[in-house]
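Since the structure comes first, as structure tokens, the remarks are kept for the end.
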Amino acid sequence: MSKDVADWISLMSSFSRRNRPRDAILLFALMLENRTEIDDVAMVFLFSSCAWLRDVGVGSQGHGRVLKMGLEGRVKVCNALMDMYGKSGMVTDM
């Protein structure tokens with residue numbers, strides 16, 4: 001992980017811990033705009049923020065990015081996705 005990516009993720013983490021999920025999502029958007037490398041940790045913070053806000057729209061866009069990046073096999077990413085979809089009411093009992 002480059003220093004630049006670590007700095008962005010540190011900021012996202014800070015916003016997440018301080019219950020500022022909208023700011024974490026805005027930072028993620030800035031990362032994309034600045035063509036910063038996105039990794040699984042950034043995706044976990046994105047999904048955590050989406051879960052907090054119950055924002056399945058942004059979360060599902062992130063899900064698509066995960067599939068394109070080949071991160072769907074990462075346990076922490078899958079857990080964050082399930083949490084986001086669950087808190088958004090998108091998971092039903094079987």
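Numbering follows the UniProt record's numbering, in which position 37 of the sequence shown is assigned residue number 37; successive positions increment by one, without gaps. C-beta: ideal position from N, C-alpha, C; glycine also.
Helix, strand or coil for residue i per DSSP?
| i | result |
| --- | --- |
| Val77 | helix |
| Leu32 | helix |
| Asp39 | coil |
| Arg17 | helix |
Closer than 7 Å by C-beta to residue i: which residues in its own chain qualify, once you throw out the five before and the five after it? Chain order, please.
| i | result |
| --- | --- |
| His63 | Leu81 |
| Phe28 | Met12, Ala42, Leu46 |
| residue 96 | No answer is possible for residue 96: it lies beyond the span of the chain, which begins at 1 and ends at 94. |
Compute the beta-carbon to beta-carbon distance between residue i and residue j, rounded to the nearest angstrom, for a pair I have assumed lies under 8 Å.
| i | j | result |
| --- | --- | --- |
| Ser16 | Phe45 | 6 Å |
| Met90 | Val56 | 6 Å |
| Val5 | Asp39 | 6 Å |
On the DSSP letters alone, give me the boundaries of the alpha helix (DSSP H) that residue i sits inside.
| i | result |
| --- | --- |
| Leu67 | 56-69 |
Whole angstroms is fine: what's the gap from residue i's alpha carbon to residue j's?
| i | j | result |
| --- | --- | --- |
| Thr36 | Trp8 | 9 Å |
| Val77 | Arg54 | 17 Å |
| Arg18 | Met84 | 18 Å |
| Gln61 | Glu33 | 15 Å |
| Glu72 | Lys87 | 19 Å |
| Asp23 | Ser14 | 10 Å |
Please go through the same chain and pick out, in chain order, the residues whose beta-carbon is closer than 6 Å to the beta-carbon of residue i, but skip the five residues on each side of it.
| i | result |
| --- | --- |
| Pro21 | Ser49, Trp52, Leu53 |
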